[in-house]
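Step one of this worksheet: look at the structure below.
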Amino acid sequence: MGFASVSSVVNKNKKNDEEMENNNGGDDGKVPSVELFLKHPLALLALVPRNASLFFAGAVAGAAAKTLTAPLDRVKLIMQAGGPSPSLYVN
Numbered sequence: 729m730g731f732a733s734v735s736s737v738v739n740k741n742k743k744n745d746e747e748m749e750n751n752n753g754g755d756d757g758k759v760p761s762v763e764l765f766l767k768h769p770l771a772l773l774a775l776v777p778r779n780a781s782l783f784f785a786g787a788v789a790g791a792a793a794k795t796l797t798a799p800l801d802r803v804k805l806i807m808q809a810g811g812p813s814p815s816l817y818v819n
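This is the structure in structure tokens:
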């Protein structure tokens, strides 16, 4: 049984490093072409700074968690306060 590895692999082949730099893989400050973004729209996410993407992911996760747990917290508070009064539901 094998396990997936999340670590990065160091490329010791100099030729492949040069090819990566020529294909905008290097940090040369160039923006990829519009055609690339039209072919692969998710490539735009590579332009977002890492800190901004982590902040946004945390905000979405927090909003989803609060949205899902708020109704349960309300029920919990009602039950702790003595439960719903039957007289509220009777005309």
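Note that my numbering has the sequence shown beginning at 729, numbered continuously upward.
For each residue, glycine too, the CB sits at the ideal point set by N, CA and C.
My output table needs one value for residue i: the three-state DSSP class, helix, strand or coil.
i           : result
residue 804 : helix
residue 781 : helix
residue 799 : helix
residue 762 : helix
residue 788 : helix
residue 699 : The chain is shown from 729 up to 819; residue 699 falls before or after that span and cannot be answered.
residue 793 : helix
Can the beta-carbon of residue i be found less than 8 Å from the beta-carbon of residue j?
i           : j           : result
residue 783 : residue 772 : no
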